[in-house]
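When we follow numbering that gives the first Met the number 0, the leftmost residue of the sequence shown carries the number 0, and every step to the right adds one.
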Amino acid sequence: MKPDIIKKRRPLPSDDEDEYNEEDEMYEDDNNNYEEDEDDDDDDDEDDEDDDENEEELIKQQLSNVSFSSLLKYKKNGPTDKLNLNTITKNLQQQKSFKKEEQQEKEEMNSKNKYKIKRESSDAPVEMTAMKPVSRFRQVVVNKTKMNVRDPRFDSLSGGKYNEDLYRKRYGFLDDVIKRDVERMESTWKQMDDCRERDQLYKKIQSKKSQLKTQQLKDQKRETKNKLWSNEIESVKKGKTPYHISNKTVKQFELQEKFKQLKASNKLDKFMETKRKRISSKEKTFLPQRRSFDQDEN
0 MKPDIIKKRR
10 PLPSDDEDEY
20 NEEDEMYEDD
30 NNNYEEDEDD
40 DDDDDEDDED
50 DDENEEELIK
60 QQLSNVSFSS
70 LLKYKKNGPT
80 DKLNLNTITK
90 NLQQQKSFKK
100 EEQQEKEEMN
110 SKNKYKIKRE
120 SSDAPVEMTA
130 MKPVSRFRQV
140 VVNKTKMNVR
150 DPRFDSLSGG
160 KYNEDLYRKR
170 YGFLDDVIKR
180 DVERMESTWK
190 QMDDCRERDQ
200 LYKKIQSKKS
210 QLKTQQLKDQ
220 KRETKNKLWS
230 NEIESVKKGK
240 TPYHISNKTV
250 KQFELQEKFK
260 QLKASNKLDK
270 FMETKRKRIS
280 SKEKTFLPQR
290 RSFDQDEN
């Protein structure tokens, strides 16, 4: 507590009046100086209070970013001073930086660039990591002279579009290969004893024969078309109007050729009889069923 300043003058005798005046002036000067010092102290106190408020605001802002668990730890260990808050913020920044580094490492591990194949030389074998499962279809040693396989049917060097006539001329020998395979299979089929294996082989023989038969029919159809086209071109050259060859005309021409072949081989009558039977069996399906006499009586 500050001492109370007495401002009243003491009554003194008249003899000592001069001495009193001097002492009184000194006393008043000291009093004035003391008041000025008191005002300065009040201003300093106000500045200190403002600084404390600013520090408190800063502390609150820092504490808002701090987790509740870390605050509890520091509360148990000691008071939350300015040094403790600085250490908290530093620890938080370090934790964030560590988390970012861990995430980056995980992303790098998961990325495909981590598993790029590296070799000491071009002739060295492939070195794969044990972290990634190895696929079954991989190239262990790189072939410098790679074989380029081409299909002549779809290659641009063979004419672009598919030409059936040209293809049959080049690869017609495959029919003879299939015929030889059928003969070999038939010979083995006769010598086999197991019924199941015989049935399987018989099915293969029949499929090969049907393949040859369909190919022969295709060849015949193509030949008839080529004949019709050649006849049409000659007729147009002579001055006749061009005529579009439809599938119906092709079928009629094929039937005529077939009749000629059957007549030459004396098989026309047998063919016509089987055809007549087939047509009659088809017509019978459309006839109504005959009712029994019991149904008529009822």
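Where a beta carbon is used, it is the ideal one built from N, C-alpha and C, also for glycine.
Small disclaimer: the values here were computed from a predicted structure and weren't measured.
How long is the line joining the alpha carbons of residue i and residue j, rounded to whole angstroms?
| i | j | result |
| --- | --- | --- |
| LYS202 | LYS145 | 40 Å |
| ILE278 | PHE285 | 12 Å |
| ARG169 | ARG152 | 11 Å |
| LYS208 | VAL181 | 8 Å |
| LEU308 | LEU267 | The shown model of the chain, from 0 to 297, leaves out residue 308, and the question about it has no answer. |
| LEU165 | SER264 | 31 Å |
| LEU254 | GLN219 | 11 Å |
| LYS89 | LEU71 | 17 Å |
| PRO132 | PRO124 | 17 Å |
| ILE204 | THR187 | 11 Å |
| GLN301 | GLU126 | Missing from the structure shown is residue 301; the chain here goes from 0 to 297 and no further. |
| GLN288 | LYS269 | 30 Å |
| LYS178 | VAL148 | 28 Å |
| LYS281 | ASP198 | 33 Å |
Answer yes or no: the CB of residue i versus the heavy atoms of the ligand GTP, is any distance below 6 Å?
| i | result |
| --- | --- |
| PRO132 | Among the components of this structure there are no ligands whatsoever, and the ligand GTP is therefore not found. |
Between which residues of its own chain and residue i is the CB-CB distance below 7 Å, once the five residues before and five after are set aside?
| i | result |
| --- | --- |
| LYS224 | VAL249 |
Quick check on the DSSP output: the alpha helix (DSSP H) that includes residue i runs from which residue to which?
| i | result |
| --- | --- |
| ASN225 | 194-237 |
| TYR166 | 163-170 |
| ASP268 | 267-285 |
| LYS250 | 246-263 |
Ordered along the chain, which non-local residues of its own chain (more than five positions away) have a Cβ less than 8 Å from that of residue i?
| i | result |
| --- | --- |
| GLU231 | PRO241, TYR242 and ILE244 |
| LEU227 | ILE244, THR248, VAL249 and PHE252 |
| GLN214 | ASP174 |
| GLU163 | ARG221 |
With 16 as the cutoff for other CB atoms within 10 Å, does residue i come out buried or exposed?
| i | result |
| --- | --- |
| LEU211 | exposed |
| LEU82 | Caution is warranted here: a pLDDT of 49 is assigned to LEU82, below 50, making its placement in the model unreliable, and the coordinate value is therefore given only provisionally. It is exposed - the Cβ of LEU82 has fewer than 16 other Cβ atoms within 10 Å. |
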